[in-house]
Every structure is written in structure tokens, then in C-alpha cells.
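**Student:**
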Amino acid sequence: MTVAAKRISEKQIENLNQQLHALAYNLWPSWNPAAQRIFKELSPFFWEDSNHNAVEVMNFVSGQELRGRLQDPEFFAKVDTVCRSYQAYIKEKNTWASKNTPWLKKTPVAYFSAEFGLHESLRIYSGGLGMLAGDHAKSASDLGLPLVGISIFYRHGYFRQNISRDGWQQEMYPSYDPARMPLRRVVDKRGNPVICSVQIGSTDVAYQAWVVEVGRVKLYLLDTNLPQNAQFFRDLSGHVYGGDQSNRIGQEILLGIGGVRLMRKLGITPSVFHMNEGHSAFLTLELLREQLQSKKSLPEAEAFVRKHCVFTTHTPVPAGHDRFDRGLIEANLGRLATTMGMSTDDVMNYGRIHSGDQAEPFCMTVLALKMCRAANGVSQLHGRVSQDMWKELFPDTPVSKVPIGAVTNGVHTTGWTTPTASMFWTNHLGPKWIDKLRDAKYWHKMLESKKISDQDLWAMRTALRRELIEFVRKRLREQQLRHNPDDIGLYDNVLSPDVLTLCFARRFATYKRAPLLFRDLGWAIRVMTDKERPVQIVYAGKAHPRDDAGKHFIQEIINITKRVDLFGRVVFVEDYDINVARYLVAGADIWLNTPRRPMEACGTSGMKGIMHGSLNLSTMDGWWREAYDGMNGWKIGEDTTASSDQLQDDLDAASLRAVLENQVIPLFYDRGKDSIPHNWLRRVRHSIATLIPVFNTDRMVAEYAKKYYQQPAKK
Ligand SMILES: *Cc1c(COP(=O)(O)O)cnc(C)c1O
Numbered sequence: 090m091t092v093a094a095k096r097i098s099e100k101q102i103e104n105l106n107q108q109l110h111a112l113a114y115n116l117w118p119s120w121n122p123a124a125q126r127i128f129k130e131l132s133p134f135f136w137e138d139s140n141h142n143a144v145e146v147m148n149f150v151s152g153q154e155l156r157g158r159l160q161d162p163e164f165f166a167k168v169d170t171v172c173r174s175y176q177a178y179i180k181e182k183n184t185w186a187s188k189n190t191p192w193l194k195k196t197p198v199a200y201f202s203a204e205f206g207l208h209e210s211l212r213i214y215s216g217g218l219g220m221l222a223g224d225h226a227k228s229a230s231d232l233g234l235p236l237v238g239i240s241i242f243y244r245h246g247y248f249r250q251n252i253s254r255d256g257w258q259q260e261m262y263p264s265y266d267p268a269r270m271p272l273r274r275v276v277d278k279r280g281n282p283v284i285c286s287v288q289i290g291s292t293d294v295a296y297q298a299w300v301v302e303v304g305r306v307k308l309y310l311l312d313t314n315l316p317q318n319a320q321f322f323r324d325l326s327g328h329v330y331g332g333d334q335s336n337r338i339g340q341e342i343l344l345g346i347g348g349v350r351l352m353r354k355l356g357i358t359p360s361v362f363h364m365n366e367g368h369s370a371f372l373t374l375e376l377l378r379e380q381l382q383s384k385k386s387l388p389e390a391e392a393f394v395r396k397h398c399v400f401t402t403h404t405p406v407p408a409g410h411d412r413f414d415r416g417l418i419e420a421n422l423g424r425l426a427t428t429m430g431m432s433t434d435d436v437m438n439y440g441r442i443h444s445g446d447q448a449e450p451f452c453m454t455v456l457a458l459k460m461c462r463a464a465n466g467v468s469q470l471h472g473r474v475s476q477d478m479w480k481e482l483f484p485d486t487p488v489s490k491v492p493i494g495a496v497t498n499g500v501h502t503t504g505w506t507t508p509t510a511s512m513f514w515t516n517h518l519g520p521k522w523i524d525k526l527r528d529a530k531y532w533h534k535m536l537e538s539k540k541i542s543d544q545d546l547w548a549m550r551t552a553l554r555r556e557l558i559e560f561v562r563k564r565l566r567e568q569q570l571r572h573n574p575d576d577i578g579l580y581d582n583v584l585s586p587d588v589l590t591l592c593f594a595r596r597f598a599t600y601k602r603a604p605l606l607f608r609d610l611g612w613a614i615r616v617m618t619d620k621e622r623p624v625q626i627v628y629a630g631k632a633h634p635r636d637d638a639g640k641h642f643i644q645e646i647i648n649i650t651k652r653v654d655l656f657g658r659v660v661f662v663e664d665y666d667i668n669v670a671r672y673l674v675a676g677a678d679i680w681l682n683t684p685r686r687p688m689e690a691c692g693t694s695g696m697k698g699i700m701h702g703s704l705n706l707s708t709m710d711g712w713w714r715e716a717y718d719g720m721n722g723w724k725i726g727e728d729t730t731a732s733s734d735q736l737q738d739d740l741d742a743a744s745l746r747a748v749l750e751n752q753v754i755p756l757f758y759d760r761g762k763d764s765i766p767h768n769w770l771r772r773v774r775h776s777i778a779t780l781i782p783v784f785n786t787d788r789m790v791a792e793y794a795k796k797y798y799q800q801p802a803k804k
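FYI, my numbering numbers position 511 of the sequence shown as 600, with every residue one higher than the one before it.
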């Protein structure tokens with residue numbers, strides 16, 4: 090060892106030091122466990138304390154300390170290996186996209202999204218929409234697909250959740266310091282910050298941008314918090330979906346119009362603008378203005394915009410589609426209208442189903458649908474539901490021909506695979522499983538073969554369940570420190586590693602029906618506390634700050650966690666985020682999903698557990714009605730929608746009870762002489778083999794590339 094140590098030169102150490110700093114500013118480590126281990130090893134405490142933020146670890150470790158650590162040949166070799174694989178990844182020329190979408194190299198995809206869920210240390214997301222955008226970016230990077238993301242740097246992020254002693258959600262908004270995040274200010278060649286401006290009403294609002302590196306993909310975050318802006322506009326980029334309507338329209342002007350302007354300034358010429366949700370649809374008006382300014386006729390200008398825009402709609406919930414009244418549009422976009430030689434009503438009509446209908450507000454989804462060349466929903470069912478929802482826009486077209494297609498969502502599988510599971514698959518299959526995620530034959534063969542025994546698979550499940558339980562106990566202890574420090578140990582023994590474990594974690598939107606399991610409380614108590622075959626469940630999730638009904642659902646669950654007869658079997662973990670999600674999806678034996686059909690456009694959390702051997706139990710909504718095959722999990726209810734919500738809820742609750750009691754619980758506790766549930770594991774294998782190759786973002790991004798990112802034909 091000492092001989093080798095001498096061979097590490099000053100120069101090598103300095104070089105690696107710099108590479109490690111660069112690596113901290115890329116989110117690639119978030120899907121590379123070996124890279125995470127380096128930062129963790131540098132400071133195990135700070136790594137946890139900073140929510141796994143590599144930039145914070147590097148800020149915390151001095152240059153001297155780091156050089157000292159790199160003198161250790163073993164550590165040096167580990168860092169060197171990780172930096173080499175990072176370089177190889179970044180420089181790889183022979184990618185999926187180089188073969189399949191070569192034209193995007195010079196004219197990339199511009200992907201606009203109001204939120205991006207990339208990493209727990211970058212809180213610019215609220216839920217599934219953001220997670221999907223983040224996973225889209227990671228897979229685009231993996232496939233080598235040239236894509237530039239546009240979003241907003243929310244200085245206060247989405248709220249952090251505390252639950253009060255009486256079970257009511259409290260919202261907190263910390264301030265995040267960009268210097269302590271994986272962000273770099275966008276600067277020009279001379280190193281000066283790039284500042285753009287956008288008109289909001291009668292004000293020119295200045296904004297800067299921060300860049301986040303996601304592997305090979307760059308994401309630009311717009312930020313109006315500049316001293317030259319009045320306070321109202323400085324706060325525009327403060328909160329994710331935080332303010333009132335006038336804040337919302339300002340944010341959407343910043344995102345859509347500001348996003349296009351930034352790209353022009355940076356010399357990026359996208360061949361396609363992908364609007365992930367209608368929030369960014371004002372970008373079509375900016376493109377229209379550019380065309381009109383360059384002396385195109387209105388029909389030509391509109392045709393140009395349509396040719397370059399695609400749109401993904403994300404929800405069948407009517408309130409999920411932004412609508413602005415005429416006054417707001419006039420006050421905020423009046424000047425833009427004048428620049429384009431239009432009246433306010435001309436602009437209004439782009440966002441109205443019925444042009445000229447004075448009573449109709451401006452809808453961002455309508456604008457996006459009118460100004461794109463192609464649109465899609467996010468599962469097959471959601472595509473159909475969207476066709477019906479927007480059919481009035483296409484009065485001469487039969488519903489089944491309404492031009493809204495479907496691309497079913499996925500998840501970025503390697504990013505969601507926890508270190509324990511990742512190690513399991515690498516140990517059994519070698520590192521190449523990562524390149525085989527879309528290969529159905531590979532997974533069928535692997536799981537049938539003796540390479541992976543039931544013993545090994547069960548050992549992984551058991552380890553993951555314990556990791557979840559220890560995490561939950563630690564979090565509940567922190568909560569108890571606030572509520573009642575005199576009884577700090579109250580939750581130290583909740584949940585048991587041997588008990589069938591259900592998890593339910595998602596936004597507490599009411600259509601997701603969090604309390605459905607407890608509709609018959611007596612039944613739940615009897616089944617969950619059964620002596621031989623008990624059941625336990627972990628809840629997590631945030632309700633939107635203005636959604637009191639959602640907060641009442643949280644309170645209802647909290648009250649159940651406090652019942653003496655269920656204590657320790659039902660728990661709620663505060664402040665759901667990517668990190669909490671990772672423990673829950675991995676530790677769950679059953680991922681419970683109970684949306685009221687057909688309100689869940691897709692749902693993705695159930696896809697995150699598959700690699701960990703968790704099984705889905707879900708209503709036939711969103712992705713699950715495409716995925717379920719009778720053996721790879723369980724369904725709640727049928728592929729039908731009842732005549733009323735009340736009836737639907739009764740039917741689904743009864744079905745959930747029956748499936749749990751008659752199928753799930755007996756199978757989990759049906760053990761061989763070796764205490765292993767072999768028949769359960771048969772389902773686990775089948776779930777992995779059938780679902781992994783399909784419900785991932787590599788498949789999804791490739792599908793977008795083939796169907797939606799095609800090169801517009803030259804005119
Ligand atoms: C995956 C995920 C979601 C989305 O899950 P759904 O099943 O679509 O509700 C929301 N929040 C977090 C933190 C997630 O990880």
C-alpha cells in the first residue's frame with residue numbers, strides 16, 4: 090500500500106480534486122450508487138444531514154482535507170474509477186439517439202415544465218408531474234437525446250410539511266440558497282450573468298437563470314429574484330404553485346415567454362418545443378410574436394408555431410387546468426397583444442374553446458391544444474378520457490378521432506433502484522442489467538433461471554422492509570421530539586419486520602382516496618391485528634395548502650394512527666419527498682393505489698417498487714389497467730366506472746377488503762418449511778419480468794422521440 094501511495098503525484102490529486110468538484114455539480118450520481126458512496130464516505134453525517142447534497146458535502150470538506158483523503162490509495166482508486174465512468178458516460182458518442190434521432194443534435198428538444206423532480210436536495214417539484222419531468226430528463230441523458238429543460242428556480246420551493254399534535258398539516262417555506270445547491274449561474278463569455286427580460290403587464294421584469302446538469306442534459310431555471318425588480322416580481326419565482334391567480338399568470342409568462350427568450354439569448358434553436366402540461370403554453374404566443382415580427386402573415390406564423398410544438402396533458406381533473414379571466418389576460422398580456430397587432434379578444438380566442446364567446450375564460454390547455462402539432466395523454470385510458478374532455482374543440486371530428494394520442498408514463502428505473510436493490514441485481518446479474526432495462530426476454534430468462542434463488546430474493550425483500558422500518562422509526566422520533574420530548578421513545582417499536590407491509594404515499598388529493606382501507610374500521614382492526622397474519626401500513630403525503638378536504642384526509646389517517654387498538658400498525662411519515670418515497674417504494678410488500686377511476690391520468694409511484702420486488706394492488710386506473718395481467722399484482726374493482734362517486738367508493742372499498750383478506754394476506758403468509766413464501770415470490774418474479782421492460786422512461790422517451798419529436802418537414 091505504501092509503495093502505491095507514493096506513486097500518487099500531487100498533480101494526480103489536484104486533478105481528481107477538480108473532477109470531484111465538477112461531479113458534485115452534476116446530478117448523475119443520483120443514479121449511480123458508487124458515486125453516491127464517495128460523497129457519503131467523505132462525510133457520512135453531512136451527507137444525511139444535507140439530504141444527500143453533494144455540493145454541500147464539497148462545501149463542507151476543505152481542500153486540505155480532501156487532498157488528505159485522496160492520499161489514501163484505496164479511496165483514490167474509488168474516486169478515480171467513478172470519475173472515469175462519469176467521463177465515459179458524458180463523452181459516449183454511440184448512443185440510442187445518435188442512431189435514431191440524429192437531427193436533434195443541432196436542434197434539440199426544448200422541454201418546458203413548471204416543476205422538475207430530480208433530487209431530494211432540489212425542491213422545485215410538488216408531485217407526479219415534476220417527477221415525470223425529472224425522470225424524462227434523466228432518460229433523455231441516458232439515451233443521448235439532445236434535450237434542454239426549462240423551468241423555474243423557486244427560492245422557497247414547495248412547502249415542507251409538519252403535522253401538528255391535533256393532526257393538522259402545517260406548511261413551512263424555508264429559503265434555499267443557490268450557492269448550496271447543484272446550481273450554477275448562467276453567464277456570458279465574459280463571465281457576466283446573463284440577464285433577460287419579459288413584459289408582465291406594463292412592467293419589464295428582469296430574470297437570470299441557473300443551470301442544473303442532469304447527466305448530459307442541461308436544465309435552465311429562471312429566477313426573477315433580482316434587485317432591479319420590485320418586490321412583487323422578485324417573489325414571482327418564490328413558490329411552486331404558491332400564489333394567487335395573478336402570481337400564477339406571472340409565473341407562466343416567465344416560464345413560457347421567458348423560457349423562449351433565454352434560449353434565443355443562449356443561441357439554442359429547438360426543433361420542437363415540448364409543453365409538459367399547459368403551464369408553459371404562453372411559449373406559443375412568444376413564437377407567434379417572433380414570426381409576426383419577421384413579417385410572416387398570421388396564417389403562416391400560426392402554422393410555423395404548430396409545426397414546432399407538442400403538448401402533453403396530465404389530468405382529467407377540471408381544476409387541474411389553468412384558467413384566467415379576461416381582466417387578467419388584458420392586464421398581463423395587453424402589451425404583447427398590441428405588439429402582435431391584436432386586440433385582447435384576439436388573444437383570448439386562442440385560449441377559448443368557442444372563439445368569440447365573451448363569457449369563456451382563457452384556458453392554458455386550450456391554447457396548447459390549438460397551437461401544437463400533436464398532443465397526448467399519459468396512459469391509454471387517459472388519452473381516451475382527454476379526447477372526450479376536449480372534443481368540443483374539434484366539433485367536426487368523432488370523439489375517437491380527436492387528435493389526442495397517448496404515451497404511457499414510466500419511471501427512470503436506475504434512479505429509483507435503492508443501493509441495496511442495485512447491489513442485489515449487480516451481484517446476481519453483473520453490471521449489465523442496467524443496459525437491459527427494456528429487454529423483456531432478458532428479464533424473463535433471468536427470473537426463471539436458478540441464478541436467483543427464492544432465498545436470495547426473499548433476503549432482499551426482508552432487508553428492504555427493515556430499512557423502511559428503521560427509517561420510519563427515526564422520522565417518528567424526530568416528530569415526537571417536537572410533540573412530546575418527555576415520551577421520546579413512543580414510536581421506537583412501531584411496525585414489525587415480519588409483518589406484511591402496505592405503503593400508501595402520494596399527494597393527498599381527495600380522488601386518491603387515502604382512507605379507503607378504513608371505510609369499515611371494524612374490519613380493518615380485526616384484519617390488521619390478527620395474531621397469526623397481521624398487516625401494517627405506512628402513509629405519507631402532502632395536501633395542497635388550499636385543499637382543506639385533503640388535509641381532513643390526513644387528519645383522519647393521523648387519528649387512526651393514534652388509536653390504541655391499531656397503534657404501531659398504522660403510521661404516517663411527515664414531509665413526503667423523493668427521499669421518503671425511495672424508502673417506501675422499496676420497503677413495501679404491497680403498494681396500495683386507490684384513485685377513483687378515471688381521475689388518475691397515469692400514476693407512477695407503483696412503478697418505482699417493481700425492481701425491489703414490491704407488488705401493486707390498485708384500482709384499474711391509469712397505468713395499472715394496462716399493466717395488470719392477473720398474476721403480476723392485484724386489482725381492486727373492475728375496469729368500469731360506477732354511476733356515482735358514492736357507489737364507486739363502496740364497491741372499491743369492498744373489493745379492496747376482499748382481495749386483501751382472501752388473496753394477498755393468505756399468499757404472503759403461506760410459507761414453506763424454510764419460512765419463505767414461494768408462491769408470493771412467483772408473483773414477484775412475474776411482476777418484474779412483465780413490468781420492468783415497459784414502465785420505464787427509456788421506453789417512454791424513445792416513444793416520444795419516435796412519435797412526437799420527428800423532424801418537421803421542410804416547407
Ligand atoms: C413518484 C412520486 C409522485 C407521483 O406518484 P403518483 O403515483 O403519480 O401519485 C409524487 N411525489 C413523489 C415524491 C414521488 O416520488
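Using N, Cα and C, we set each Cβ at its ideal position, and we do this for glycine too.
From the DSSP output, which residues share a beta bridge with K724?
**Tutor:** Paired residue(s): S707.
**Student:** State yes or no: is the C-beta of H471 within less than 8 Å of the C-beta of G711?
**Tutor:** Yes. Within cutoff.
**Student:** CA-CA distance, I643 and G256?
**Tutor:** Near 7 Å, if we compare the C-alpha coordinates of G256 and I643.
**Student:** By Cβ distance below 7 Å, which residues in the same chain neighbour F607 in space, the five residues on each side in sequence not counted?
**Tutor:** If we look at F607 and ignore the five residues flanking it on each side, its Cβ neighbours are A613 and I649.
**Student:** So S151 and R244 are supposed to be a Cβ contact under 8 Å. How far apart are they, rounded?
**Tutor:** That pair is no contact at about 28 Å.
**Student:** How many Å lie between E830 and F135 at the Cα?
**Tutor:** This structure does not reach residue 830, given that the chain is present from 90 up to 804, and the question cannot be answered.
**Student:** Taking the straight line between their C-alpha atoms, what separation do you get for K820 and A226?
**Tutor:** In this structure the chain extends from 90 to 804, so residue 820 is not present and cannot be described.
**Student:** Closest by CA to P755, which one among G702, V616 and L374?
**Tutor:** Checking every option, the nearest Cα to that of P755 belongs to V616.
**Student:** Quick one: grab the DSSP three-state call for L591.
**Tutor:** It is a strand residue.
**Student:** Kindly indicate which three-state DSSP category P263 falls into: helix, strand or coil?
**Tutor:** Three-state result, P263: coil.
**Student:** Between I614 and ligand 1, is the CB less than 7 Å from at least one heavy atom?
**Tutor:** Because no heavy atom of ligand 1 lies under 7 Å away, the Cβ of I614 does not count as near it: no.
**Student:** Starting from Y200 and walking both ways along the alpha helix (DSSP H), at which residues does that stretch end?
**Tutor:** Looking at the DSSP string, Y200 is not in any alpha helix (DSSP H); the run it does join, the beta strand (DSSP E), is V198 to F201.
**Student:** Have a look at M709, A199, L589 and N183 and flag the residue whose alpha-carbon is nearest the alpha-carbon of E750.
**Tutor:** The shortest Cα separation from E750 among M709, A199, L589 and N183 belongs to L589.
**Student:** Is it buried or exposed, T358, if we count other Cβ atoms within 10 angstroms and call 16 or more buried?
**Tutor:** Counting Cβ neighbours within 10 Å, T358 comes out exposed, since fewer than 16 surround it.
**Student:** Could you tell me which of G356, G246 and G238 sits nearest to K278, measuring between CA atoms?
**Tutor:** Of G356, G246 and G238, the residue nearest in Cα terms is G356.
**Student:** Nearest chain D C-beta to I626 closer than 8 Å, yes or no?
**Tutor:** No chain D appears in the structure shown, which is made up of a single protein chain.
**Student:** Does DSSP put H517 in a helix, a strand or coil?
**Tutor:** Residue state, collapsed to three classes: helix.
**Student:** Between which two residues does the beta strand (DSSP E) holding I239 run?
**Tutor:** It spans L236 to I241 - the beta strand (DSSP E) in which I239 sits, taken as one unbroken run.
**Student:** At the level of alpha carbons, what is the spacing between M453 and Q469?
**Tutor:** About 23 Å.
**Student:** Report yes or no: do three or more beta-carbon pairs, one from the segment 575-594 and one from the segment 657-665, lie closer than 8 Å?
**Tutor:** Because the criterion of three Cβ pairs below 8 Å is met, the segment 575-594 and the segment 657-665 touch.
**Student:** Return yes when at least one heavy atom of ligand 1 lies under 7 Å from the C-beta of G698, else no.
**Tutor:** Not so, every heavy atom of ligand 1 lies at least 7 Å from the Cβ.
**Student:** Which residues does DSSP list as the beta-bridge partners of A629?
**Tutor:** A594 and V662.
**Student:** What's the gap between the Cα of N524 and the Cα of Y531?
**Tutor:** At residue 524 the sequence reads Asp, which differs from the Asn that was named. One C-alpha to the other measures close to 11 Å.
**Student:** Name the two residues that bound the continuous beta strand (DSSP E) containing K540.
**Tutor:** Taken as a continuous stretch (DSSP letters only), K540 belongs to no beta strand (DSSP E), as it is neither H nor E.
**Student:** Taking F201 as the reference, give the member of R771, K354, V237 and S360 with the closest Cα.
**Tutor:** Considering only alpha carbons, the answer is V237.
**Student:** Is I289 helix, strand or coil by DSSP?
**Tutor:** If DSSP states are grouped into helix, strand and coil, I289 belongs with the strands.
**Student:** Taking its Cβ as the centre, do 16 or more other Cβ atoms sit within 10 Å of E375, making it buried, or is it exposed?
**Tutor:** So E375 counts as buried.
**Student:** Take G761 and list the residues in its own chain whose beta-carbon comes closer than 6 Å to its own, dropping the five residues that flank it on each side.
**Tutor:** Closer than 6 Å at the Cβ level, and outside the excluded window around G761, lie H767.
**Student:** What number of angstroms, rounded off, separates the C-alpha of E389 from the C-alpha of A222?
**Tutor:** If I take the Cα positions, the gap works out to 31 Å.
**Student:** Which residue wins for smallest C-alpha separation from R788, given the options K724, N498, K539 and P191?
**Tutor:** Comparing Cα positions, the closest option is N498.
**Student:** Could you say which of V583, D576, V436 and L193 lies nearest to V561 if we only look at CA atoms?
**Tutor:** Selected option, being the one with the closest Cα: V583.
**Student:** Which two residues bound the contiguous alpha helix (DSSP H) that contains A464?
**Tutor:** That residue, A464, is in no alpha helix (DSSP H); its beta strand (DSSP E) goes A463 to G466.
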